[in-house]
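Working notes, structure below.
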Amino acid sequence: MSSSTPAEPAKSAKSAKPAKTTKGAKGAKAPKPESHLAMVRRARRINRELAEVYPYAHPELDFRNPFELLVATVLSAQTTDLRVNQTTPALFAAYPTPEDMAAAVPEEMEEIIRPTGFFRAKTKSLIGLSAALRDEFGGEVPGRLEDLVKLPGVGRKTANVVLGNAFGVPGITVDTHFGRLVRRWKWTDEEDPVKVEAVVAGIFPKSEWTMLSHRVVFHGRRICHARKPACGACPIAPLCPSYGEGETDPEKARKLLKYEMGGYPGQRLSPPADYPGKPAPALGAG
Numbered sequence: 022m023s024s025s026t027p028a029e030p031a032k033s034a035k036s037a038k039p040a041k042t043t044k045g046a047k048g049a050k051a052p053k054p055e056s057h058l059a060m061v062r063r064a065r066r067i068n069r070e071l072a073e074v075y076p077y078a079h080p081e082l083d084f085r086n087p088f089e090l091l092v093a094t095v096l097s098a099q100t101t102d103l104r105v106n107q108t109t110p111a112l113f114a115a116y117p118t119p120e121d122m123a124a125a126v127p128e129e130m131e132e133i134i135r136p137t138g139f140f141r142a143k144t145k146s147l148i149g150l151s152a153a154l155r156d157e158f159g160g161e162v163p164g165r166l167e168d169l170v171k172l173p174g175v176g177r178k179t180a181n182v183v184l185g186n187a188f189g190v191p192g193i194t195v196d197t198h199f200g201r202l203v204r205r206w207k208w209t210d211e212e213d214p215v216k217v218e219a220v221v222a223g224i225f226p227k228s229e230w231t232m233l234s235h236r237v238v239f240h241g242r243r244i245c246h247a248r249k250p251a252c253g254a255c256p257i258a259p260l261c262p263s264y265g266e267g268e269t270d271p272e273k274a275r276k277l278l279k280y281e282m283g284g285y286p287g288q289r290l291s292p293p294a295d296y297p298g299k300p301a302p303a304l305g306a307g
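Numbers given in our numbering equal positions in the sequence shown, counted from 1, plus 21.
See the structure below:
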C-alpha cells in the first residue's frame with residue numbers, strides 16, 4: 022500500500038466528463054437502459070478506481086484484538102467512529118476482557134460510554150455479549166457469522182465488520198454510507214441492508230468484499246456526502262449516473278472534501294502506518 026499523498030480527485034473529475042443524460046429533447050432518442058452486464062462492469066471499474074484513490078482504506082475504529090473491535094462496532098451505532106475511538110481507551114482500561122466487562126457495574130460503564138449516545142442500551146448489549154462470550158465461547162470472540170449474530174446487540178453489519186477485519190473472513194458491511202452510495206451508483210435500488218448485501222455480493226468476487234466495503238465507506242465520508250456530494254472533486258464522476266446531485270464546480274467541490282482529502286485529521290487516534298492523513302485528537306484535546 023502506498024503512503025504517499027492522497028490522489029487529487031478534482032483533477033481526475035475534470036479530465037473526463039460524465040455521460041450526458043437525455044432530457045427529452047425533441048427528436049432525441051432516449052438512451053437504452055443499462056444492462057445488468059454493463060452495470061456489473063461499471064461497478065467493478067468503480068471499485069478499481071476507488072482502490073487507486075484509497076490504497077490505504079481501512080476500518081476506522083481503533084482496536085487491538087477481536088474483542089475490542091466487536092465492542093467498538095457495537096458502540097459505533099448512531100455516532101461517529103471518532104467519538105467511539107475517543108471513548109474506548111478508558112473503556113478498555115477499565116474492562117480489558119469479556120470476563121471483566123461481563124462483571125461491570127452498569128452505572129459505571131454508562132458513565133464511560135455516555136459520549137457515544139444511547140449509553141444505557143449499549144451498556145446492556147456490551148455486558149450481555151461479554152457474558153455470552155464468557156459462558157458460551159470460553160472468553161473468545163467466535164469467528165463464524167452464525168455465532169456472532171446470536172450475541173446481544175450484534176447484527177449482520179457488526180458481524181461482517183468483525184469477521185472481515187479481525188478474522189480475514191470476507192464480508193460486506195452495509196452501513197448508511199455504503200447503502201447510500203450503491204443506490205446512487207445504481208447497483209441496486211434496495212433499501213433493506215440484507216438485500217443490499219446480497220445484491221452487491223453477486224456483483225463482486227468474495228475476495229473483494231471486505232476492501233470494497235472500506236473503499237465505499239471512505240468515499241462516502243470524504244467525497245460523496247449525503248447532503249452535498251462533492252461531484253466536481255470526484256474521481257469516479259465519469260462512472261456515476263447521479264453526477265450533478267452535488268456541487269459540480271471543481272473549486273467549490275474541493276472545499277467540501279473531508280478528512281485527509283481536505284487536509285484534516287481522520288477518525289482514528291491510532292491509524293495504520295500507511296495512512297496519509299493526520300491522527301484524530303483524543304477526547305478533550307484541542
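Just so you know, even glycine gets a beta-carbon here, dropped at the ideal spot from N, CA and C.
Extent of the continuous alpha helix (DSSP H) to which residue i belongs
i	result
residue 243	230-243
residue 288	No alpha helix (DSSP H) contains residue 288, which DSSP labels as neither H nor E.
residue 185	177-187
residue 79	Neither: residue 79 is in no alpha helix (DSSP H) and is coded neither H nor E.
residue 65	57-74
residue 217	214-222
residue 268	Where residue 268 is concerned, there is no enclosing alpha helix (DSSP H), given that its DSSP letter is neither H nor E.
residue 121	119-123
residue 200	197-205
residue 99	Residue 99 -> no alpha helix (DSSP H), and no H or E assigned at all.
Residue i to residue j span [Cα, whole Å]
i	j	result
residue 244	residue 156	44 Å
residue 153	residue 258	46 Å
residue 64	residue 168	31 Å
residue 46	residue 235	Residue placement at residue 46 is flagged as unreliable, the pLDDT there being 48, under the threshold of 50; the coordinate-derived value follows with that caveat. Distance between the alpha carbons of residue 46 and residue 235 is about 40 Å.
residue 36	residue 238	With a pLDDT of only 44 at residue 36, under the threshold of 50, the placement of this residue in the model should not be trusted; the figure read from the coordinates follows. Approximately 24 Å between the Cα atoms of the pair.
residue 57	residue 137	41 Å
residue 122	residue 165	22 Å
residue 76	residue 149	37 Å
residue 70	residue 256	8 Å
residue 162	residue 294	26 Å
residue 147	residue 229	30 Å
residue 135	residue 59	47 Å
residue 111	residue 254	38 Å
residue 227	residue 217	15 Å
residue 73	residue 66	11 Å
residue 191	residue 129	36 Å
residue 291	residue 104	13 Å
residue 272	residue 262	22 Å
residue 267	residue 280	18 Å
residue 264	residue 85	39 Å
residue 158	residue 193	24 Å
residue 220	residue 170	20 Å
residue 62	residue 114	47 Å
residue 177	residue 269	36 Å
residue 199	residue 139	23 Å
residue 212	residue 116	37 Å
residue 185	residue 99	21 Å
Check whether residue i and residue j have beta carbons under 8 Å apart
i	j	result
residue 289	residue 68	no
residue 96	residue 143	yes
residue 87	residue 187	yes
residue 251	residue 274	yes
residue 203	residue 90	no
residue 118	residue 160	yes
residue 206	residue 224	no
residue 277	residue 299	no
residue 131	residue 141	yes
residue 201	residue 174	no
residue 287	residue 81	yes
residue 108	residue 304	yes
Environment of residue i [buried if 16+ CB atoms lie within 10 Å]
i	result
residue 151	buried
residue 285	exposed
residue 231	buried
residue 53	exposed
residue 302	exposed
residue 93	buried
residue 189	exposed
residue 197	exposed
residue 127	exposed
residue 180	buried
residue 210	exposed
residue 195	buried
residue 124	exposed
residue 296	buried
residue 50	exposed
residue 78	buried
residue 83	buried
*Identify every run of the alpha helix (DSSP H) within the stretch 130-169, keeping only runs that are complete inside it and at least 4 residues long; order them along the chain.*
140-157, 166-169
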